[in-house]
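Protein chains in written order, with our numbering: chain A, 1 to 337; chain B, 1 to 530.
The C-beta atom is built at its ideal place from N, Cα and C for all residues, glycine as well.
Note that the structure is predicted; figures quoted are calculated from it, not measured.
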C-alpha cells in the first residue's frame with residue numbers, strides 16, 4: 001500500500017495570457033490538516049482541479065498516493081474531494097445525489113446513509129438539493145467526499161457560506177479526519193478560518209508556493225521572542241530593560257514590546273528596580289498577522305526580484321532577515337523529500 | 001486499496017466492472033430527476049395522444065385521384081396476398097377450364113372522359129400513362145380475386161401483370177393500327193404464361209405467373225381500365241392537393257382466338273368492382289362486337305391501392321405513428337438536458353472525479369439514455385398503432401393492411417428512432433454544453449427537416465427529399481409502411497409517407513449522425529478542461 005499523500009510537482013498552466021500556475025510544488029502528508037492558503041486567484045482551485053485530473057497542466061505532474069488520479073480504480077475510495085458545493089442537480093434529492101455517486105464506486109445505499117449521518121444531514125436528506133442553503137450544500141459536499149472512506153481528502157473553500165456554528169463543526173470534523181490518519185488538504189483565502197485547525201500550511205500566491213511550513217513554526221517565527229509589558233512608568237521600564245540588553249518599542253496604546261528578553265527575566269528586572277507594571281505577557285501573533293507579514297515580504301521580494309528572477313519553484317527561499325525566513329525557505333526541500 | 005493488476009484478465013474484468021458501475025450510476029442519475037422521467041414518459045404519451053384527436057370519416061378521393069366508391073379505405077378490396085388493391089375494370093369474359101389459352105391482337109388504345117365528368121381538358125389527354133387494356137385470366141369476377149393479364153398501356157408499352165403487385169415489361173412503344181400488339185395468355189393449372197408479339201408470328205415469353213389455388217374454372221377474356229387523371233397542383237400545410245377526374249380507356253381487339261373453352265360459352269360483359277353509388281357512373285364501360293372486332297371501354301384500375309393519395313394519412317398504418325415527432329421533441333429535450341445540466345451546474349466535475357475516463361462516461365450516458373428511450377418508445381409505438389387503428393375504424397375507415405413484419409418494423413423502428421435520436425441529442429449537448437442552444441440545434445437538425453419535408457410539406461419535393469436523405473431526419477424513413485409500385489401512378493412524396501431512402505438505409509443515416517456527434521463530443525470532452 002502506498003503512502004496516502006498528495007504530491008504536486010512543478011505545475012504550470014496558463015489560461016490565455018493569464019498564468020494560473022507557475023511552478024506549483026508541494027507535498028501533503030497524512031495525519032494532519034494542511035491548509036492551502038492564498039489570495040483569490042493564487043491558483044488554489046486550479047491546482048486542485050489538476051490534482052483531480054479535471055484540468056490538464058501544461059507542465060508538471062500531480063500524484064495521489066503516488067499515482068496520477070486518472071489511473072485510480074474507484075477513485076472516490078482513494079480521494080474524497082469537494083470543489084464546488086453548488087455542483088448539484090437542483091431537482092435531485094441530496095440522498096439521491098449521494099446514491100449515484102455511491103453506485104459509481106460500487107457502494108450501496110447503506111454507505112450513503114452513513115455519510116448523511118456523519119455530515120448531519122439526516123433530516124434534510126430527502127429534500128431537493130436545490131433548496132439547500134450554501135452551508136447545507138457544504139455539508140452535502142463533505143458527505144460526498146467521505147462516501148468512499150478515502151485516505152485523502154481535499155476541500156476547496158469548505159467554509160464558504162457556513163454560519164459560525166457550521167464553521168466550528170467543520171473545523172472539528174476536519175481535525176478528527178486528520179486524527180484518524182487521513183491526509184486532509186483544505187484551501188481557504190482567509191487565514192483566520194484555518195486558525196486552530198491547520199497543522200501545516202502551504203501558502204501560495206500568483207501560482208506558486210510562498211511558504212510551506214508547519215503552523216507552529218510560522219506562528220513562532222511571526223511572534224519572535226517578544227514580550228508585551230503594560231506599565232504606568234514607561235520611561236523607567238524602558239531604561240531598565242534596555243540596560244539589560246533588550247530592544248524596547250512603544251506601542252500606540254501605551255504598551256511596550258520587548259525583544260531579546262524572556263518574560264520571566266522582564267518580571268524579575270522590573271521587580272528588582274520597583275518599576276510598577278500591570279501586565280507582562282508573551283506576545284502571540286495570529287495566523288492572520290503571520291500571513292500578512294509573509295505575503296508582504298513576498299510582495300517585496302517579487303518586486304525586488306522582477307529583474308533577476310531565481311529559477312525554481314521554491315518561492316522566496318533564502319530571503320533572510322524577516323521573521324518568516326526560516327519556514328519559508330523550506331518549501332523546495334519539502335516537496336523534494 | 002490499490003489492487004495490483006498483473007494479469008490481463010484482471011484488467012479486463014476490472015474494466016468491465018467499472019463500466020457496469022458507471023452504467024448503474026448514470027441510470028440512478030436519470031431516474032432520480034423527476035422531470036426527466038416525466039419528460040420521457042410524456043414523450044411516449046405524446047406519440048399516442050395524437051391518435052386521440054378524432055379522425056376523419058370515410059369519403060373523398062381515392063389514391064389514384066378517382067372519386068371513389070365510398071371513399072378511401074371505407075371498404076377496402078383485398079388482393080390474394082391480403083394487401084389493399086384496386087380492382088375495377090370492364091371485363092368481357094367467358095369461362096375457361098384448367099388448361100387453355102387466349103390470343104388477341106390490339107390495334108388501338110384511346111382515352112376519353114366519361115360524359116358529365118370532364119375536367120375541361122382536351123379529350124386527347126384522357127389517355128393516362130397507366131390506362132390499360134388487354135387479356136386477363138381471373139379466378140372469378142369477385143374484386144380482389146387472383147389474376148394474370150397481358151396488356152397494352154398508355155405510355156408504358158406492353159406489360160404482363162398478375163396479382164396486383166407483379167409487373168413485367170414486354171414490347172415497348174405505343175399501340176396503333178400500324179404497330180398492333182399481339183398478346184397471349186396460356187393457362188396450365190395454377191400457372192399462367194404471358195407472351196407478346198409484334199406480328200403474330202414471332203412470340204416472346206414475358207413472364208410466368210403462379211396463381212396458387214386457382215379454381216378449375218376461371219374467367220378469361222378482354223378488359224379495359226383507366227385510372228383517373230391526377231396531377232399534384234400544390235403542396236400545402238395539409239399535404240399535397242391534386243385535381244383529378246375519372247377517365248376511361250377504349251381498346252379495339254381483333255383476331256381473338258380462344259382455345260379449349262367449355263362448349264357453348266359466349267361473351268359476357270361485367271363491370272368489375274362497380275359499387276352502386278348514385279351520381280357516379282364509373283367504372284362504367286361496355287363492349288361492342290362488330291365483325292371480328294371487339295371494342296371494350298372501361299375505367300378503374302387493376303393495381304395495388306395505397307393510402308393517403310389526397311395528402312392525408314387515412315387508413316395508413318404509418319399514420320398511426322405520426323405523433324412520433326411530438327414525442328421526439330420531449331425525448332430530445334430530456335436527452336440534451338441529461339448532459340447539459342451537468343455542465344451548467346459544474347456537476348460534470350463531480351461526475352469526472354468519480355469516473356475519470358471521460359469517453360466512458362459519455363458511452364454510459366448514451367447507453368442509459370438509448371435504453372430508457374427505447375423501452376418507453378416500444379410500448380408507446382405499439383399503443384399508438386392500436387389506438388390509431390381504432391380511431392380510423394371509428395370513422396369507418398379500414399386500415400390498409402401491411403405484413404406483420406412491417407408492423408413490427410414500424411413499432412421497433414419508432415422506438416429505435418427515439419433512442420438513436422436521443423443519443424444524437426446527447427452528443428450535440430455534450431459538444432455545445434449549453435442547454436438552450438443544444439436543444440435548439442437538436443430540434444433543428446432532427447425534427448424540423450422531417451416536419452417541413454413531411455407532414456407540413458412546405459418545401460419543394462426535391463428539397464424535401466434531399467433533407468430526408470442527408471439530415472438526421474432520414475431516420476423517419478423507418479416509418480415508411482407501404483412500398484412504391486412502378487405500375488401505380490402515385491404521389492410518392494414525404495407528405496404521403498414516402499421517403500427517398502429505404503427504411504433501414506434512412507435509419508442508418510441517423511445512426512451515422514449519432515455516432516459522429518458522440519465521437520465529436522467524446523473528443524471535446526477529453527480535450528477540454530472540465
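{"Query": "Proximity test, Cβ basis, 8 Å: residue 110(A) and chain B", "Result": "no"}
{"Query": "Beta-carbon proximity of residue 106(A) to residue 21(B), cut-off 8 Å", "Result": "yes"}
{"Query": "Residue of 196(A), 101(A), 32(A), 73(A) minimising C-alpha distance to residue 13(B)", "Result": "73(A)"}
{"Query": "CA-to-CA distance, residue 403(B) to residue 520(B), given in whole angstroms", "Result": "39 Å"}
{"Query": "Cutoff 8 Å: residue 340(B) Cβ touching any chain A Cβ", "Result": "no"}
{"Query": "Alpha helix (DSSP H) segments (min. 4 residues) lying fully within the stretch 87-137 of chain A", "Result": "94-104, 109-118"}
{"Query": "Short CB-CB distance (under 8 Å) between residue 530(B) and chain A", "Result": "yes"}
{"Query": "Close Cβ partners of residue 384(B) (< 7 Å) along its chain, the five nearest in sequence each way excluded", "Result": "47, 48, 51, 320, 321, 323"}
{"Query": "8 Å contact criterion, which residue 349(B) and residue 83(A) should meet: CB distance rounded", "Result": "6 Å"}
{"Query": "Minimum Cβ-Cβ distance from residue 98(A) to chain B less than 8 Å", "Result": "no"}
{"Query": "Under 8 Å by beta carbon: chain B residues contacting residue 81(A)", "Result": "353"}
{"Query": "Proximal residues, the stretch 43-69 of chain A versus chain B, C-beta separation under 8 Å", "Result": "49, 52, 53, 54, 55, 56, 65, 67, 69"}
{"Query": "C-alpha distance - residue 204(A) paired with residue 210(A), whole-angstrom precision", "Result": "5 Å"}
{"Query": "Three-way DSSP call (helix, strand, coil) for residue 265(B) in this model", "Result": "coil"}
{"Query": "Residue nearest to residue 128(B) in terms of C-alpha spacing, selected from 91(B), 104(B), 249(B), 515(B)", "Result": "249(B)"}
{"Query": "Residue from 375(B), 247(B), 91(B), 147(B) with nearest C-alpha to residue 191(B)", "Result": "147(B)"}
{"Query": "Inter-residue CB distance, residue 380(B) and residue 327(B) (contact presumed, cutoff 8 Å)", "Result": "7 Å"}
{"Query": "Cβ pair residue 514(B), residue 361(B) closer than 8 Å", "Result": "no"}
{"Query": "Spatial distance of residue 373(B) from residue 207(B) (CA atoms)", "Result": "48 Å"}
{"Query": "Own chain residues within Cβ distance below 8 Å of residue 116(A), not counting five before or after", "Result": "94, 95, 98, 122, 125, 143"}
{"Query": "Close Cβ partners of residue 233(A) (< 7 Å) along its chain, the five nearest in sequence each way excluded", "Result": "275, 276"}
{"Query": "Residue 157(A) and residue 187(A) closer than 8 Å at C-beta", "Result": "yes"}
{"Query": "Proximal residues to residue 177(A) (C-beta, below 7 Å), its chain only, five neighbours per side dropped", "Result": "153, 184"}
{"Query": "At least 3 beta-carbon pairs within less than 8 Å: the stretch 50-68 of chain A vs the stretch 134-149 of chain A", "Result": "no"}
{"Query": "Secondary structure of residue 515(B), DSSP reduced to three states", "Result": "helix"}
{"Query": "DSSP-derived helix/strand/coil call for residue 397(B)", "Result": "coil"}
{"Query": "Among 157(B), 494(B), 132(B), 151(B), the one whose alpha carbon lies nearest that of residue 185(B)", "Result": "151(B)"}
{"Query": "Near-chain A residues of the stretch 9-20 of chain B - C-beta to any C-beta below 8 Å", "Result": "14, 17, 18"}
{"Query": "Three CB pairs or more closer than 8 Å across the stretch 327-342 of chain B and the stretch 388-407 of chain B", "Result": "no"}
{"Query": "Contacts of residue 106(A) in chain B (Cβ-Cβ under 9 Å)", "Result": "17, 18, 20, 21, 24"}
{"Query": "Where residue 208(A) sits in the DSSP three-state scheme", "Result": "strand"}
{"Query": "Three-way DSSP call (helix, strand, coil) for residue 30(B) in this model", "Result": "helix"}
{"Query": "Counterpart residues of residue 9(A) in DSSP-defined beta bridges", "Result": "61(A)"}
{"Query": "Residues near residue 15(B) by beta carbon distance below 8 Å, same chain, minus five either side", "Result": "none"}
{"Query": "Inter-residue spacing [alpha-carbon to alpha-carbon] between residue 246(B) and residue 489(B)", "Result": "14 Å"}
{"Query": "Cβ pair residue 352(B), residue 89(A) closer than 8 Å", "Result": "no"}
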